[in-house]
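Here the structure comes first, spelled out in structure tokens, and everything after it is commentary.
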């Protein structure tokens, strides 16, 4: 497939891609990540209504009442244990329904005081680590859609992913009384046999399973739309407070986030390679490989993930040809893209596009 500058220019006339995240972060062992114990407040409320498992409720209460931050892995294990003991695979969604205003502390207040929806989302991405150091929240612009990726630097179960996505959505609804229009809710895990709880929690959104990330796919327009709860002067004060909280944590954004952003920005021009990314980020190739390995990933894996979620966007929301999509993802020919997409999803791009049509 030709990769002429003229063709690239034609495709780039369409809405471009962009990335927003936090500041640079050094590699950190997963066991060292901490989170606010307030994260488990909704789960404690759910268990408070269950008289059959007082021991489990007491374990959660003991963690919630901690004055200091707690290990992320301990909090995630407690959520998973609760789902196992209760025999409820939908526990994450049900626990999120017990969220109350203020549960998510500084992150919630700094985001919801932002003057616009765009600034609120950027604040959530920047200060997500205040709530959990393992949070890897990113906002990526792909064509005329935005991907809000609620990523994690440690592996999380279906139950924890459900809780994280549902709690984020419900917090916005509690403050504003509404959610973004034409929003899709994406989950990495396969479609469960029973999706009734998902339909109840996200009544106005399409829920997509087997997606490339956990989070939201929504229109990119309306970035400057005022946020109903916005307060510019209060937001400035809260940002200063959030910045101080960030300074108390391990410094900066992970190399994973920076590499993913670089791939998104350069893959369409055929300039996505480990060597070129390392040069653009001003690190050596060996450092890039080593630090990605410390985070349990690799350049090849990040390139695959970025290509997959971008391909899903175009196949679901755009009428570009399969050949054009392959080119935008940096493949040298269409056949290579078709084979790769089949490995990722079990379907060809055309089969996937047809499955999304009503």
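Numbering (the working numbering), first residue to last: 30 to 387. Each residue gets a CB set at the ideal place from its N, CA and C atoms; glycine is no exception.
Beta-bridge pairing by DSSP links residue 244 to 178 and 215. Counting of Cβ neighbours within 10 angstroms places residue 66 among the buried residues, the total reaching 16 or more. Counting only the Cα atoms, residue 262 lies some 40 Å from residue 238. DSSP, reduced to helix, strand and coil, places residue 103 within a helical segment of the structure shown. With contacts defined as CB atoms closer than 8 Å, residue 226 and residue 123 qualify as a contacting pair.
Cβ neighbours of residue 159 within its own chain (closer than 7 Å, five residues either side excluded): 135, 136, 271, 274 and 275. The residues 320, in chain order, have a CB closer than 6 Å to that of residue 284 in the same chain once the five nearest residues on each side in sequence are set aside. Under the DSSP assignment, residue 348 falls outside any beta strand (DSSP E); it carries neither an H nor an E label. A distance of 8 Å or more separates the beta carbons of residue 259 and residue 106. Separation of residue 64 and residue 366 (C-alpha to C-alpha, rounded to the nearest whole angstrom) is 39 Å. For residue 111, the secondary structure class from DSSP, reduced to helix, strand or coil, is helix.
Distances from the CA of residue 332 to each of 291, 368, 352 and 110 were compared; the closest alpha carbon is that of 291. With a 10 Å radius around the Cβ and a threshold of 16 neighbouring Cβ atoms, residue 154 comes out buried. Of the candidates 297, 236, 152 and 288, the residue whose Cα lies closest to the Cα of residue 353 is 297. When C-beta atoms of the region 347-361 are compared with those of the region 322-330, fewer than three pairs fall below 8 Å, so the two segments do not count as touching.
Nearest C-alpha to residue 206 among 130, 163, 216 and 218: 130.
Residue 358 carries a coil assignment under DSSP once its states are collapsed to helix, strand and coil.
Within its own chain, the residues whose Cβ lies closer than 7 Å to the Cβ of residue 120, once the five positions on either side in sequence are excluded, are 111, 112 and 188, listed in chain order. Excluding the 5 residues flanking it on each side, residue 86 has same chain C-beta neighbours closer than 8 Å at 73, 76, 77 and 79, in chain order.
Taking residue 231 as the centre and dropping the five residues before and after it, the same chain places the C-beta of 214 closer than 6 Å to its C-beta, in chain order. The DSSP-derived three-state label of residue 98 is coil. The closest CA to that of residue 161, considering only 176, 151, 139 and 133, is found on 133. Within the model, the alpha-carbon separation for residue 116 versus residue 91 is close to 22 Å. Setting aside the 5 residues that flank it on each side, residue 254 is surrounded in the same chain by 145 and 146, each with a C-beta closer than 7 Å to its C-beta; the list follows chain order. Put simply, of 340, 96, 194 and 168 the residue whose alpha carbon is nearest the alpha carbon of residue 370 is 340.
Taking 8 Å as the cut-off, the Cβ atoms of residue 172 and residue 342 count as close.
Here residue 307 has 313, 314, 316 and 317 as same chain residues with Cβ atoms under 8 Å from its own Cβ, once five neighbours each way along the sequence are excluded. Separation of the CB atoms of residue 196 and residue 125 is rounded to 4 Å, and the pair is thereby assigned contact status at 8 Å.
Residue 177 holds the alpha-carbon nearest to the alpha-carbon of residue 212 among 269, 177 and 241. Annotation: the continuous alpha helix (DSSP H) that includes residue 192 extends over 187-205. Residue 169: member of the beta strand (DSSP E) spanning 164-171, first to last residue. For residue 236, the uninterrupted beta strand (DSSP E) segment begins and ends at 235-237. Under the 10 Å beta carbon count, residue 386 is surrounded by fewer than 16 other beta carbons and is classified as exposed. Nearest Cα to residue 219 within the set 357, 202 and 191: 191. Exclusion of the five residues before and after residue 373 leaves 337 as the residues of its chain whose Cβ lies within less than 6 Å of its Cβ.
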